[in-house]
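Undergrad: Submitted below is the structure of interest, expressed as structure tokens.
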Amino acid sequence: DALSISIVAGSMVGTMASFISIFATGLDDPDIMLSLRSGIVAGFSTASLLLIFALYRIREISSKGDSREERRNTETEYLRSILSPVEEQAQERGITWSVKNMIRRDRGVLLVEIAELDPFLSSSLVERLIQGRQGLRKVKIRTGFSEASSTSKSDPGSRPAILQRLKIDAERVNWQVIQKSSSITLRPMGEAPSPRLWAIRFGIFVIPVTLVMSLAFRDLAGNGLEQQGIIFGSACGIIISALAASFRDRTS
Numbered sequence: 525d526a527l528s529i530s531i532v533a534g535s536m537v538g539t540m541a542s543f544i545s546i547f548a549t550g551l552d553d554p555d556i557m558l559s560l561r562s563g564i565v566a567g568f569s570t571a572s573l574l575l576i577f578a579l580y581r582i583r584e585i586s587s588k589g590d591s592r593e594e595r596r597n598t599e600t601e602y603l604r605s606i607l608s609p610v611e612e613q614a615q616e617r618g619i620t621w622s623v624k625n626m627i628r629r630d631r632g633v634l635l636v637e638i639a640e641l642d643p644f645l646s647s648s649l650v651e652r653l654i655q656g657r658q659g660l661r662k663v664k665i666r667t668g669f670s671e672a673s674s675t676s677k678s679d680p681g682s683r684p685a686i687l688q689r690l691k692i693d694a695e696r697v698n699w700q701v702i703q704k705s706s707s708i709t710l711r712p713m714g715e716a717p718s719p720r721l722w723a724i725r726f727g728i729f730v731i732p733v734t735l736v737m738s739l740a741f742r743d744l745a746g747n748g749l750e751q752q753g754i755i756f757g758s759a760c761g762i763i764i765s766a767l768a769a770s771f772r773d774r775t776s
């Protein structure tokens, strides 16, 4: 994976460097060989640096022990524990629903099957999720057919009850609600970068992105409009860099 990522990133940087060189020398009479050499050097350097950093991180993680699986198991057990009262309420109502069968991981994401839970129990389930938010990250609530039981189908009133409850408190606990036809995903809204981190990211992105955009739009504008093309491309580059620097950390 480290090698593949390094090759892909190196190829992207090399391609960008080649285009920058072509735009800089002008499209009327570009120095193709010089541009290719520049791209190869830039791409190889980037790939090498990324590979070295990735191998260093792999070695560091291996020496400390990768506890990702342990953290996932802990989070799964935590979710089962906070939803165990819902299981007890379901049994009192004669509904078969257990945290052991209805809570699992699907592609690394915690998945909760509401199965045949009625609207009251579904709302209670979401309330328990909100109360235990501090120990949870991304959670998917499946409101359609249950994979655990082919004969199980959710109550048609459960999904509206879940959404109504989330509408009240999801944003308060820093959860973004993503709706799909058969599921509702609760994803951390994330933390905005600090001004210092934003400035560092912006400083890294703004020079290459703005340079590429300004040179590209300069040549696209054609004769007589080069200045306008440079201004427009520079503005686009600054906006793109600002958006990229605003990336939010969604790990918590």
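Every letter in the sequence shown is one number past the one before it in the numbering used here, and letter 22, counting from 1, is 546.
Backbone N, C-alpha and C fix where the C-beta goes; we use that ideal spot for every residue, glycine too.
Note that the structure is a prediction, hence the values are computed from the model and not measured.
Near D773, which residues of its chain fall below 6 Å by C-beta distance, leaving aside the five closest residues on each side in sequence?
TA: G714 and E715
Undergrad: Is the separation between the beta-carbon of S562 and that of A541 shorter than 7 Å?
TA: yes
Undergrad: Helix, strand or coil for I638? Go by DSSP, reduced to three states.
TA: coil
Undergrad: Jot down the residue ranges of each uninterrupted alpha helix (DSSP H) in the stretch 674–717, minimum 4 residues, whole runs only, in chain order.
TA: 682–693
Undergrad: According to DSSP, is R561 helix, strand or coil?
TA: helix
Undergrad: Please state the DSSP three-state secondary structure of R596.
TA: Helix, per DSSP.
Undergrad: Assuming I665 is part of the beta strand (DSSP E), what are its boundary residues?
TA: Segment V663 to R666, the beta strand (DSSP E) holding I665.
Undergrad: Sort R742, F771, G668 and S738 by Cα distance to C760 and report the nearest one.
TA: S738
Undergrad: Grab the span of the beta strand (DSSP E) containing D630 for me, first residue to last.
TA: I627 to D630
Undergrad: If we ignore side chains and look at the alpha-carbon of each, how far apart do P643 and S587 end up?
TA: 48 Å
Undergrad: Please say whether A566 and V537 have beta carbons closer to each other than 7 Å?
TA: Less than 7 Å divides the Cβ of V537 from the Cβ of A566.
Undergrad: Among the residues of its own chain, which have a CB less than 7 Å from the CB of A571, if the five just before and after it don't count?
TA: Non-local beta-carbon contacts of A571 in its own chain, meaning distances under 7 Å to residues more than five positions away in sequence, involve S530, I531, A533 and G534 in chain order.
Undergrad: Is the CB-CB distance between F830 and G757 below 7 Å?
TA: Past the boundaries of the shown model lies residue 830; the chain is included only from 525 to 776, so the question cannot be answered.
Undergrad: With C-beta atoms as the reference, is S718 less than 7 Å away from A685?
TA: No Cβ-Cβ contact shorter than 7 Å links S718 with A685.
Undergrad: Measure the alpha-carbon distance for G618 versus E611 and round it to whole angstroms.
TA: 10 Å
Undergrad: Less than 7 Å between the beta carbons of I764 and V697, yes or no?
TA: no
Undergrad: How is D773 classed by DSSP in three states: helix, strand or coil?
TA: strand
Undergrad: Between L687 and W699, is the Cβ-Cβ spacing less than 7 Å?
TA: no
Undergrad: What's the call for L767, buried or exposed, on a 16-neighbour Cβ count within 10 Å?
TA: Residue environment for L767: exposed (fewer than 16 other C-beta atoms within 10 angstroms of its C-beta).
Undergrad: Look at R666 and S707 and say whether their C-beta atoms are less than 7 Å apart.
TA: It is a contact, given that the beta carbons lie within the stated cut-off.
Undergrad: Assuming K662 contacts P712 under a Cβ cut-off of 8 Å, what Cβ separation, rounded to an integer in Å, is found between them?
TA: 7 Å
Undergrad: Is it buried or exposed, M557, if we count other Cβ atoms within 10 angstroms and call 16 or more buried?
TA: Exposed.
Undergrad: Considering P732, what are the terminal residues of the alpha helix (DSSP H) in which it resides?
TA: P719 to A745
Undergrad: Assuming V736 and F543 make a contact with CB atoms under 8 Å, what is their CB distance in whole Å?
TA: 7 Å
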